[in-house]
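Residue numbers (the numbering used here), protein chains in the order written: chain A, 7 to 923; chain B, 7 to 923.
2 protein chains.
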Amino acid sequence: MVLATSARNAGALLASAGLGDVFDHVIDGQTALDRDVAGKPAPALPLEAVRRLEIPPARAMVIEESVTGVEACRRGGFGLVVGIDRDGRRDRLEAAGADVVVEDVSQLDIGLVITHPWLLVYEGFDPAHEGHREALTTVGNGYLATRGAAPEHRAGAVHYPGSYLAGVYNSLHSVVLDQESDDEHMVNIPDWLPLDLRIGDGGWWSAGGLSLRSERRTLDLKRAVLSREALLEDDAGRQLRLLQRRLVSMARPNLAALETVITPVGWSGGISIRSGCDTDVTNSNVPEDASLSSRHLGSVTAAASVDGPGIACLTVEARTVTSGIGIALALRTAVSGADGPAGSGIPEQLGGLHTHRFELSVNAGEPLTVLKTVAVASSRDHAIASPLTAARAALARAPGGFAALLAEHEAAWEILLEPFIIELDASSQAQLILNLHVFHLLQTLTTHTAELDAGVPARGLHGEGYRGHIFWDELFVLPVLNSRLPSLARELVDYRWRRLGAARDAARAAGLKGALFPWQSGSDGTEQTPKLLFNRRSGHWMPDYSRLQRHVGLAVAYNAWQYFEATQDRGWLTEHGAEIIVDVARLFASMAEFDPADDRFHLRGVMGPDEYHTGNPGDPGGGLNDNAYTNVMAAWVFDQAVWIMHSVRGFDMQELRARLLVTAAEIEAWEHLSRRMFVPFHGDGIISQFDGYAALRELDWEHYRRSYGLIERLDLILEAEGDSTNHYRLAKQADVLMLLYVLGEDQLIRFLARMGYAVTSAQMAATVDFYLARTAHGSTLSRVAHASVLAQRDPERAWAVFREALDADLDDTQGGTTSSGIHLGAMAGTIDVVQRSFAGLRITRDALDFAPRLPVELSRLDFQVRYRDQLLAVQLERDRLTVSAAPGDAAPVLVRVGTQRVLLKAGQEHEFLRKDR
Amino acid sequence: MVLATSARNAGALLASAGLGDVFDHVIDGQTALDRDVAGKPAPALPLEAVRRLEIPPARAMVIEESVTGVEACRRGGFGLVVGIDRDGRRDRLEAAGADVVVEDVSQLDIGLVITHPWLLVYEGFDPAHEGHREALTTVGNGYLATRGAAPEHRAGAVHYPGSYLAGVYNSLHSVVLDQESDDEHMVNIPDWLPLDLRIGDGGWWSAGGLSLRSERRTLDLKRAVLSREALLEDDAGRQLRLLQRRLVSMARPNLAALETVITPVGWSGGISIRSGCDTDVTNSNVPEDASLSSRHLGSVTAAASVDGPGIACLTVEARTVTSGIGIALALRTAVSGADGPAGSGIPEQLGGLHTHRFELSVNAGEPLTVLKTVAVASSRDHAIASPLTAARAALARAPGGFAALLAEHEAAWEILLEPFIIELDASSQAQLILNLHVFHLLQTLTTHTAELDAGVPARGLHGEGYRGHIFWDELFVLPVLNSRLPSLARELVDYRWRRLGAARDAARAAGLKGALFPWQSGSDGTEQTPKLLFNRRSGHWMPDYSRLQRHVGLAVAYNAWQYFEATQDRGWLTEHGAEIIVDVARLFASMAEFDPADDRFHLRGVMGPDEYHTGNPGDPGGGLNDNAYTNVMAAWVFDQAVWIMHSVRGFDMQELRARLLVTAAEIEAWEHLSRRMFVPFHGDGIISQFDGYAALRELDWEHYRRSYGLIERLDLILEAEGDSTNHYRLAKQADVLMLLYVLGEDQLIRFLARMGYAVTSAQMAATVDFYLARTAHGSTLSRVAHASVLAQRDPERAWAVFREALDADLDDTQGGTTSSGIHLGAMAGTIDVVQRSFAGLRITRDALDFAPRLPVELSRLDFQVRYRDQLLAVQLERDRLTVSAAPGDAAPVLVRVGTQRVLLKAGQEHEFLRKDR
């Protein structure tokens, strides 16, 4: 690791702090500027200096104090860009791309930042970014997740201590703009965190009686523990050292714990502790939803008890008001000092906040430990007599003491995490973010989720954005799970299978056949897309037409097929998977209109992934004709349905055909459709996003960039201007290019040829360039797709886009949306890009294929893949790809790299050399 | 089919009725008596006559009028024994073993009885047997089941219209004998059947205003439809012909329907129809539970609406009072006559009975149709927004008209049923009962059950016996499912897996390790065995010690292993199955006490399957030492656990070992235990049921048979006498012999040898004889095990015992218990005996083994087996066994008959000839 800086004194200060063993080189820019590269503009200096050392910028950290300097360094591909905010420009520095912004170099904990790709550290408290940090420090176990909120604060403008249970929704009635609506939300459950302090008779911490002198929050990704070190002080200058650790147990899905160790610094006396549960919670995490009803819990009851010295218990029961889901919490607070259990909890109640107050005396330097353990259960759990008995049993079953809870939690987490670890030789920062993405994927979706009939929530269990709904994100998430935890992937597809009834109803209601999956799905699989979208820029409510995205069902069918390919789970295919594929094929077959004029089938009135086009100009919400992505993927699903019906043979397939009444004529129709769907083109063989796209106007991108800076949400900008995105050649996100992401260039070209469209590689390149230039990246998924597409033809640019994709949530690049939840599809997508695009991994009908395209910034990549019953360790270097199968008795698998094919047995290793490719 | 009778005129009457084409021979006993076998006692005559024809008695039907005649014919093995009750001795004739009792030969619908092995027919109404018939005509779909009760009657002394949802339990507090208890019951949900009639202003049918002139109820097993033809008459002699059909939809788990067609016979005028739902239901099906609390539903609300001409709707919501499960019903009544929809429903309420009354005028000969369609949902369902929205959606989704409901129901039922059909060339009666057993197995457990986290309820969903609890019956049920519907078998084992937490708690609470599964399991897997058992004979409450049956966990582990053997589902083994096996092994390892004196391990203080021994004499409830069944099966589980740990290799097994912290030392200890468990013997190598059994007194069986007639419940008899079953060499049911049932003789002898016990085949024969002579058959499972054991050494006797096992529920041989539910283990057990014992099918580690032992009464047996991914049609004849694999692309499987082994590919057939064996 190299440090390069042009910031005043930064290099010298750090060097003098004895960091010689952290950095291989320290380039102090001010000095360098004078001596070596005088005349160059300062912002370019560190890059220049690093280049001279012939070290990849990704392996260097830079410290900059100007916005332009940060921007330049970000563009230069530095591993870590630190901004120094000497004049309150934190926001601008962050917007410019700084990975970390500090007010002084001394605040930088270089050791943590640089050397630990498994630690996400936040120094100090920053009210403007607290929501963002809460979301990114959420800990969960796929059943329950709790935002990384400070336990002393209740929900308000700055803090939002939300906790969520996977799959727990409730619908409330609201009136907005005189429109009545019933809106289903993932429910914020009672807050189990509350823990407040005061010294003597002073004010409570929550009320300002104590203030933070320093604070560091560390999310340890390798242990899945969030810790917080703080120094508190009251008005009289008395200090308390505070250490908090929390976990949501990966070993026991119903369990979470918060340990607080308090040590008086240099004084002895009385302190009070208040520990309890806030039942007075609403869904208030999303500003745009402020006008909707928000109180999802009814019949809330709480019962407090004192269960011995230093131990107080609380049980809370509530029921969601319309879905009727019972939720119970059993909470135990145990206080102990040097001499064992301490104090006696006095029950108190303040509105919905039920607490026990402990009055204690403490001695200087002697730590006092408060352990809160909570068990949460809901009526959706299996194997319970009631939520309350289940919560009580889970609490009773929990081992005593944080250390024991932590030990089993860590052991379970290690087992879950291990196969997901991807090691890059990129900067620590890139590695950290990739690890963070793996982490949050596995806080949201785990083996525990597999028991819950829950889907893939677009915003994790990390906040209330998108109301906790399920979109098409599984298209980006399941490839990662299929190849590591296929039993979970199966259950996530089964979330869709269980909602085939609602999807069939929706198709019937639309006069169609088969199954019409909703764009936004919640509890029962009915359409949950809101009808209106609030534009904070204009103050208008805009119609939300995104439900016209019929392509979500294509993603579901694709995922069902991919799970089968990865596992050869034939029982599931015939019992569940093929039902999905058949019913999606039926939907699109019934939507397809034949035009004798071109002897082609057309899909009319739909939207593609690009939500900025809802209809032709002048017809917003009218949908578009022949969205290329939808048409080609529909053809792909038709082809897949035919393949299953013809190639999977046996009594079980006969039974399936009998069950679904699949006829030979129907299969023939799919076969025909798979070859005769229409695909629009314009120019010299450029695939048109939809029929009519070519006739749209070009946008003056430069004008909008100049006028607005960030122009990702062009929909809101243009609406506020009285204009519409429907008029322009632009896209919110990858749309045509999604075809390249999903199918890969080779397969796409072959598939188009089969459909009767000869597209050359050069034409495909022109298509890529055309859309790359016209995409606003208004969705975090967009850069994922683009990075993947670029990996196939422009590896260097791919890395830059990949880095931007990595930064999406960490830097909250979508303009503050991360505070209401991570973007799970984008997080998983970055993991997927590494394996799908950099390693070129594809699961095909007979083999595991690799087509490595390592970006120049990477020289090595290590990851594991489960394929059928084998666990394969993959090590990719510039000149070789090594695949090692774990020992065992599983059947051999075929691995293919280009023309090389190897049948790999358990315990075997094979090295594919580049020269052979 | 032959008819033989010594009853006066019976033969002549039947023959004169033109039944020449039904019977190959008609032997009129009275005639025969005079001419052929004069001097022989009459009861033996038909048997004698049939023997002369050299036709197996199983292929003959006999009509007898004396109790001794019926008894003799039953012993003689006739296919169908008809009793003629000329003097009110129906009960005695039935007790003596009559298959059908009629008052007059003309009541016999020979066509139905003899020629339709798929029709269960009840002629006329018999209040004494109504509960029994309700249970046996229950229709269900594995999610919902409804007893075959008459819709016009509410629950009372005679009628009990119960409906149950799989896995829906509730616990209530009761005080019995000053003992407080919380008892969990499967909940009787609101009754959706009520449908009442009256003519003009006359009294309602339910109140006696109409009376039944004739009635026939037919359960069509092939269509899963219960129909009822009746002729009603009012005091004025006006008649109504009534045809009712009902189904619980196999196509849509939440749906059921009851169609009623009413036709006035020779008159026109007004009629009233009342249709609705009875919400005022309790759990009152079991007389012994009468002193327990019984109201499980709270917050019941109902809402009526009229939805157009002739259509009335009702929604009902309720919540179980302690488990908090929401239950909703949406019910639609549609009335139509010749001119379309008829009448308008007027909402009425009588207590908890919510109905719509339709006032209609009818014309002679013109049918009026009333279709009730109900959708039921509960908060335990997946993919719902709430029970009420789910019930409404399911009702809205239902096709209109009974014909359409029936068509999709029949199609789904055919697909489910088909692989379970077993064809015997035994009497139609035997075939009918076997079909009935298949039927009720598949009303209780279906693909829909697989979604419910429900176990195998001992009494089906057919009544409230055993409170709907889960015992060890899956030991008898899963072999049938494993080999036909393995995905369901897996979910039923997962019911246990999900309750490992409770089982681990129970072990911990008992000072043991591993998992202690409860003897009776309900919602959450805690022990639900009642502490008291009411003895109606003595009027005493007796302590119930059956929870000492630790062996239930051995059955769970055995089933987990068998599922893996049948499917090779390795993912499930490492994620779920092995967890069960390891934790059961751990339990028994921690229970085992080492005695250096004999260098053996002992299990103390347990009960075996025989519930009549709860402790040594003088120590009831103290448990027994070294129950042979428990000790040997524990050794088997130890061996299996070792095998898994050593032989299943791979990363996933490593992960499992890490997750469960399995150490090499632990595996070594299991290996040692598997060889050194103690097995008690007495006499010349007879396995003792437990240590100390040999010292017990012999029972004077003849005395008790003389004194009490039926002596199956010796426990109640002896308790009433102030004595105890603990004092005697007797058994409620197979205990030692269960080892032979589960493991088979060869494997058992080999396994004992491995344990250091040399047991010869002759000694095993002596063991069998010893226990056969001392078993009271107080459990329906007993005859199943005995038939299986006898098949291996005494095929002729096996068939007789098998026939007795078949008759258990149809004839209600357990003294009236069938009215509170079928005996699912015994029903499935008879199916299992056919494949396990008659065909000798066993699933071993590498092959599907057959060791046919066809009883002399059978010359042919046809069934299907799913093994791994193949579907095999098995045809067994005296001299050959033919196995045909269905076409397809599944991998070949190894089939073994004796020393012959064939690797059978999909689409292939192989004939194993007897001479080669």
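Positions of the beta carbon are idealized from the N, C-alpha and C atoms, including for glycine. Every value quoted in this text rests on a predicted model; they were computed, and no experiment measured them.
Taking residue i as the query, report the chain A residues whose CB atoms sit under 9 Å from its CB, ordered along the chain.
i      : result
D511/B : A399, A402, R403
Under 8 Å between beta-carbons, which chain B residues line up against residue i? List them in chain order, please.
i      : result
H792/A : Those do not exist, as H792/A stays about 35 Å from chain B at its closest Cβ, beyond 8 Å.
H388/A : D459, R504
P393/A : G330
R576/A : D875, A896
Residue i lies in the beta strand (DSSP E); which residues open and close that run?
i      : result
D800/B : Taken as a continuous stretch (DSSP letters only), D800/B belongs to no beta strand (DSSP E), as it is neither H nor E.
V899/B : 899-903
S177/B : 169-182
Q870/B : 866-873
Q660/B : Here Q660/B belongs to no beta strand (DSSP E); instead the alpha helix (DSSP H) covers 657-666.
State the CB to CB distance for the pair residue i and residue j, rounded to an integer number of angstroms; the pair is presumed to be in contact (CB under 8 Å).
i      : j      : result
G275/A : S212/A : About 20 Å; that fails the 8 Å criterion.
L264/A : Q250/A : 7 Å
T580/B : M639/B : No, T580/B and M639/B are not in contact; Cβ-Cβ is about 23 Å, not under 8 Å.
How would you write the range of the alpha helix (DSSP H) that residue i sits in, first residue to last?
i      : result
G275/B : That residue, G275/B, is in no alpha helix (DSSP H); its beta strand (DSSP E) goes 275-284.
G75/A  : 73-81
W642/A : 634-653
N260/A : Taken as a continuous stretch (DSSP letters only), N260/A belongs to no alpha helix (DSSP H), as it is neither H nor E.
W567/B : 558-573
Show which residues of chain B have a CB atom less than 7 Å away from the CB atom of residue i.
i      : result
R665/A : I421
G507/A : R403
So which residues of chain A does residue i contact, with C-beta pairs closer than 8 Å?
i      : result
G614/B : Per Cβ cutoff of 8 Å: no residues; G614/B is ~28 Å from chain A at best.
G559/B : Here the premise fails: no neighbours, minimum Cβ distance about 16 Å.
D530/B : A389, I390, A391, T395, A396, A399
Could you name the residues of chain A that residue i contacts, counting a contact when the two beta carbons are closer than 7 Å?
i      : result
S177/B : A391
S274/B : Under the 7 Å cutoff, chain A gives no residues; its nearest Cβ is about 41 Å from S274/B.
Where the segment 582-610 of chain A meets chain B: residues whose CB sits under 9 Å from a CB there:
none
Would you list, in chain order, the members of the segment 650-662 of chain A that have their beta-carbon closer than 9 Å to a beta-carbon of chain B?
S653, V654, R655, G656, F657, D658, M659, Q660, E661
Should the segment 611-621 of chain B be called in touch with the segment 664-678 of chain B, which here means at least 3 C-beta pairs below 8 Å?
Contact between the segment 611-621 of chain B and the segment 664-678 of chain B is absent: fewer than three C-beta pairs spanning the two stretches fall below 8 Å.
Is it true that the segment 504-518 of chain B meets the segment 599-611 of chain B, where meeting means three or more beta-carbon pairs spaced less than 8 Å apart?
Using a Cβ-Cβ distance cut-off of 8 Å, the segment 504-518 of chain B and the segment 599-611 of chain B are not in contact, since fewer than three pairs of beta carbons, one from each stretch, lie closer than that value.
With three or more C-beta pairs closer than 8 Å as the rule, is the segment 229-237 of chain B touching the segment 410-423 of chain B?
yes
Would you check if there are 3 or more beta carbon pairs closer than 8 Å linking the segment 339-358 of chain B to the segment 124-137 of chain B?
no
If the cut-off is 7 Å on Cβ atoms, which residues from the segment 862-896 of chain A count as contacting chain B, listed in chain order?
D875, L877, A892, P893, G894, D895, A896
Assess contact between the segment 624-640 of chain B and the segment 844-863 of chain A, defined as three or more Cβ pairs (one per stretch) separated by less than 8 Å. Is contact present?
no
Any contact between the segment 762-773 of chain A and the segment 817-828 of chain A? By contact I mean 3 or more CB pairs, one from each, below 8 Å.
Touching, no.
If contact is defined by three or more beta carbon pairs under 8 Å, each pair taking one atom from either stretch, is the segment 907-921 of chain B in contact with the segment 870-890 of chain B?
yes
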